[in-house]
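Position 124 of the sequence shown, counting from 1, maps to 123 under numbering that gives the first Met the number 0, and the rest follow consecutively. Report on the structure given below.
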Amino acid sequence: MAPLIELRGISRAFPAGDGMLTVLHDIDLTIEAGEMVAIIGTSGSGKSTLMNILGCLDRPSGGSYLYAGQDVGAMDEEARARLRRRHFGFIFQRYQLLPDLDALGNVEVPAIYAGQPRDTRRSRARMLLDRLGLESRTGHRPRALSGGQQQRVSVARALMNGGEVILADEPTGALDSRSGAELLDLLQELNAEGHTIVIVTHDREVASRAGRVIEMRDGRIISDQRNAPAPALAAAPPQGRRPEADSLAARSGRLAEAFGMAVRALNAHRLRSFLTMLGIIIGIASVVSVVALGTGSKERVLENIASLGTNTISVRPGSGFGDRRARAIDTLVAADAEALSAEPYAASASPEIQTSANVTWRGNSATISVRGVGTEYFDVGGFTLQEGQLFTPEALAARRQVAVLDPDAAAAFFPDAASALGQVLTVGRVPVEVIGVAAQSAPAPGPQSPRMFLPYTTIAMRITGQSQVDSISVRVRDDADMAEAEAAIEALLTERHGKKDFFLTNSDTIRSSITSTTQTLTVLISSIAVISLIVGGIGVMNIMLVSVTERTREIGVRIAVGARRSDIVAQFLTEAVLVCLLGGLLGVMLALGGGAVLGQMQDNLRLVYSAPTIVLAFLSSTLIGIVFGFLPARAAARLDPVEALSRE
0 MAPLIELRGI
10 SRAFPAGDGM
20 LTVLHDIDLT
30 IEAGEMVAII
40 GTSGSGKSTL
50 MNILGCLDRP
60 SGGSYLYAGQ
70 DVGAMDEEAR
80 ARLRRRHFGF
90 IFQRYQLLPD
100 LDALGNVEVP
110 AIYAGQPRDT
120 RRSRARMLLD
130 RLGLESRTGH
140 RPRALSGGQQ
150 QRVSVARALM
160 NGGEVILADE
170 PTGALDSRSG
180 AELLDLLQEL
190 NAEGHTIVIV
200 THDREVASRA
210 GRVIEMRDGR
220 IISDQRNAPA
230 PALAAAPPQG
240 RRPEADSLAA
250 RSGRLAEAFG
260 MAVRALNAHR
270 LRSFLTMLGI
280 IIGIASVVSV
290 VALGTGSKER
300 VLENIASLGT
310 NTISVRPGSG
320 FGDRRARAID
330 TLVAADAEAL
340 SAEPYAASAS
350 PEIQTSANVT
360 WRGNSATISV
370 RGVGTEYFDV
380 GGFTLQEGQL
390 FTPEALAARR
400 QVAVLDPDAA
410 AAFFPDAASA
420 LGQVLTVGRV
430 PVEVIGVAAQ
440 SAPAPGPQSP
450 RMFLPYTTIA
460 MRITGQSQVD
470 SISVRVRDDA
480 DMAEAEAAIE
490 ALLTERHGKK
500 DFFLTNSDTI
510 RSSITSTTQT
520 LTVLISSIAV
530 ISLIVGGIGV
540 MNIMLVSVTE
550 RTREIGVRIA
560 VGARRSDIVA
570 QFLTEAVLVC
580 LLGGLLGVML
590 ALGGGAVLGQ
600 MQDNLRLVYS
610 APTIVLAFLS
620 STLIGIVFGF
630 LPARAAARLD
640 PVEALSRE
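Right under this line is the structure:
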């Protein structure tokens with residue numbers, strides 16, 4: 000039968016300046032199953048380096064290492080981690096317990112990476128702690144345990160997956176003499192049960208408790224003496240070894256452990272975690288709020304347009320808005336409105352002349368928007384009569400000096416709408432009598448100046464002196480096709496004018512323009528908000544890199560007890576994702592809360608939140624956690640376990 004451990008020509012060299020420093024020189028060593036071996040030597044003799052190679056924490060520079068006939072040097076990282084989980088248990092001088100876990104949690108860590116069910120591993124961890132006299136200390140964290148108790152916890156952890164080979168590095172170095180003697184008694188008991196024990200020490204008294212003492216000096220074995228006969232080759236294997244599971248449930252268990260460790264790590268550094276999340280919170284809140292504000296503004300504007308009717312077409316002189324020659328065009332006249340009103344597709348049509356004038360009443364003066372309109376204008380514009388009456392065809396024909404006010408204009412001069420009726424206002428130098436007050440069902444968005452409506456014939460003759468009109472508004476019948484009506488209006492007016500010196504707009508065009516503009520602005524502002532998300536992601540990456548540095552020893556311990564690189568990546572990546580998810584949740588809550596407050600403060604402000612936007616925000620925060628958390632997680636997984644364990 001092949002020996003349990005067999006080293007042939009093992010050497011280990013490390014870079015030192017421009018050259019290499021050789022720590023181990025051609026080590027030949029065989030250890031049989033069931034032996035208790037002490038490796039002794041002064042500091043710098045190479046004994047700890049040899050133990051790290053035996054425990055698969057380090058790789059030799061040369062030679063071969065066989066474990067139970069398997070070539071360890073040919074194994075990849077996954078296989079070496081499996082070998083540590085299944086066969087090795089480590090007892091460190093400084094205990095190397097995880098500070099955020101209690102005694103029970105520390106003991107069961109190796110079984111988590113071995114895929115053992117939670118109930119099974121908890122039961123075994125309790126059994127081991129009870130056996131070692133720690134049944135009353137299972138819920139205590141390391142800082143609440145004495146040195147001897149912490150070392151017993153580390154022994155129980157070494158035995159969790161069976162501990163076929165227990166490697167003890169200066170196990171009594173941090174203990175008092177009594178606790179040290181108790182630990183050595185325990186190791187001898189475990190050896191009697193079939194465990195192979197390898198102790199690294201500089202203390203000859205400790206070494207004398209072993210059945211075999213190997214002395215090293217300057218990286219070489221200088222003596223190999225037995226204090227007791229070698230065990231039989233067929234020594235019974237230790238009891239308690241658990242088969243390793245790699246099922247879906249086992250993987251889920253490892254992910255649950257990664258999640259639990261992430262929660263504990265964030266809870267242990269709450270302020271730092273919150274500051275890390277702050278960039279994500281601001282970014283998510285900004286994106287959600289901007290999209291909600293853009294959607295709400297668009298809906299409000301579109302509702303206003305819809306209340307005016309989507310079947311309104313306006314005719315204006317010139318080639319389009321901003322045409323400087325439009326004022327010189329005089330071919331658009333009131334007769335065009337009458338001709339359009341007679342068409343079968345038109346429900347109503349009205350010419351319009353726009354100006355502004357200084358309006359006075361009993362010493363009160365205000366600048367008012369004055370519009371000359373036809374009798375059908377109020378139907379086209381969606382006005383509702385509140386008080387009095389509207390213009391009649393007779394008033395238009397007689398060019399009567401009468402006016403209809405909107406509520407803002409009425410409020411500018413009179414305490415209530417009813418008191419305005421019959422009053423005479425002076426428009427410039429022209430007196431007009433108020434015969435009615437009419438309000439638009441849905442006023443145009445944005446601030447509006449007070450408006451006064453007069454017959455267009457009165458405006459043309461007594462105020463502006465113009466023969467042409469500024470625009471014509473046509474309300475298309477509900478049963479008529481909008482596109483056909485627009486084409487017919489264009490054809491009719493082109494025929495009447497002899498050329499196309501006008502342009503048409505309709506509420507559908509305005510709707511499309513507003514929608515397009517709103518979407519563009521939303522995308523622009525959202526892009527700016529996304530920058531804060533990226534900055535927040537960089538902050539998460541920086542903090543996670545700091546966390547990796549702070550927890551180097553923890554990572555080394557986890558690797559020593561059998562964690563795969565994928566387990567380390569999962570743990571730190573989960574932390575990053577959790578930070579970003581919590582940041583996303585707080586960001587959404589901030590956006591919703593801020594929107595509610597703004598809604599109470601501003602009646603005209605509307606924020607419309609949508610489930611897809613909120614879901615997208617969470618997905619974005621998760622993606623940021625994965626992208627910016629991967630580099631720190633990868634850096635953690637690639638740490639050298641020997642260097643990590645020695646880091647202070």
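Every residue, glycine too, gets a C-beta built ideally from N, C-alpha and C.
Which one of the options has the shortest CA to CA distance from residue i?
i: Ala409; options: Gln385, Ile52, Glu351 and Leu131; result: Gln385
i: Val262; options: Leu183, Leu100 and Val403; result: Leu100
i: Ala157; options: Arg123, Ala143 and Ser176; result: Arg123
i: Phe571; options: Gly583, Val539 and His194; result: Val539
i: Ala36; options: Ser207, Gly43 and Leu20; result: Reading the sequence as shown, one finds Val at residue 36 and not Ala. Of the candidates Ser207, Gly43 and Leu20, the one whose C-alpha sits nearest the C-alpha of Val36 is Ser207.
i: Thr41; options: Val154, Arg203, Val436 and Arg121; result: Arg203
i: Val426; options: Gln439, Met74, Asn541 and Arg450; result: Arg450
i: Lys364; options: Gln400, Ala411 and Glu337; result: The amino acid at residue 364 is misidentified as Lys; the sequence shows Ser. Taking only the C-alpha atoms, the option nearest Ser364 is Ala411.
i: Arg495; options: Val108, Leu23, Ala338 and Asp17; result: Ala338
i: Ala67; options: Val431, Ala482 and Thr195; result: Thr195
i: Val431; options: Asp405, Gln439, Tyr608 and Thr359; result: Thr359
i: Gly535; options: Pro116, Ser609, Ala267 and Val576; result: Val576
i: Asp168; options: Ala327, Val199, Glu181 and Ser153; result: Val199
i: Thr354; options: Arg125, Val108 and Gly464; result: Gly464
Within 10 angstroms of its Cβ, does residue i collect 16 or more other Cβ (buried), or is it exposed?
i: Lys46; result: buried
i: Ala643; result: buried
i: Asn160; result: buried
i: Leu232; result: Confidence at Leu232 is low in this model, with a pLDDT of 49, below 50, so the placement of that residue is unreliable and no value is reported for it.
i: Thr311; result: buried
i: Ser619; result: buried
i: Val290; result: buried
i: Ile665; result: No information on residue 665 is available, as it lies outside the stretch 0 to 647 that the chain covers here.
i: Ile554; result: buried
i: Gly132; result: exposed
i: Met600; result: exposed
i: Thr48; result: buried
i: Met19; result: exposed
Could you pull the DSSP bridge partners for residue i from this structure?
i: Phe648; result: What the structure shows of the chain is the stretch from 0 to 647, and residue 648 is not part of that stretch, so it cannot be assessed.
i: Leu424; result: Val431
i: Leu49; result: According to DSSP, Leu49 bridges with nothing at all.
i: Tyr66; result: Ile4 and Gln69
i: Thr311; result: Arg474
i: Gly88; result: Ile165
i: Leu23; result: Arg11
i: Ile196; result: Met35 and Ile165
i: Glu386; result: Val436
i: Gln224; result: Val212
i: Arg219; result: Arg216
i: Ser364; result: Thr359
i: Phe501; result: Pro316
Ignore the nearest five residues each way along the sequence and tell me which others in residue i's own chain have a CB closer than 6 Å to its CB.
i: Glu5; result: Thr29 and Leu65
i: Ala235; result: Unreliable positioning characterises Ala235 in this predicted model, as indicated by a pLDDT of 49, which lies under 50. A coordinate reading is not provided.
Taking 7 Å as the limit between beta carbons, can you name the residues of its chain near residue i, skipping five residues before and five after?
i: Ala143; result: none
i: Leu53; result: Ile4, Leu166 and Val197
Consult DSSP for residue i and reduce its assignment to one of helix, strand or coil.
i: Glu77; result: helix
i: Val475; result: strand
i: Pro343; result: coil
i: Met460; result: helix
i: Glu31; result: coil
i: Gln187; result: helix
i: Ala235; result: Interpretation of Ala235 is limited by its pLDDT of 49, a score under 50 that renders its predicted location unreliable; the figure taken from the coordinates is listed afterwards. DSSP places Ala235 in coil when its eight states are reduced to three.
i: Asn266; result: helix
i: Gly16; result: coil
i: Val641; result: helix
i: Ile352; result: strand
i: Ile328; result: coil
i: Pro611; result: helix
i: Asn160; result: coil
i: Gly61; result: strand
Do we get a CB-CB distance below 8 Å when we pair residue i with the residues of chain D?
i: Asn190; result: The chain labelled as chain D is not found in the depicted structure, where only one protein chain is given.
By Cβ distance below 8 Å, which residues in the same chain neighbour residue i in space, the five residues on each side in sequence not counted?
i: Arg140; result: Pro98, Asp99, Leu100, Asp101 and Ala102
i: Asp175; result: Gly146 and Gly147
i: Ala417; result: Glu386
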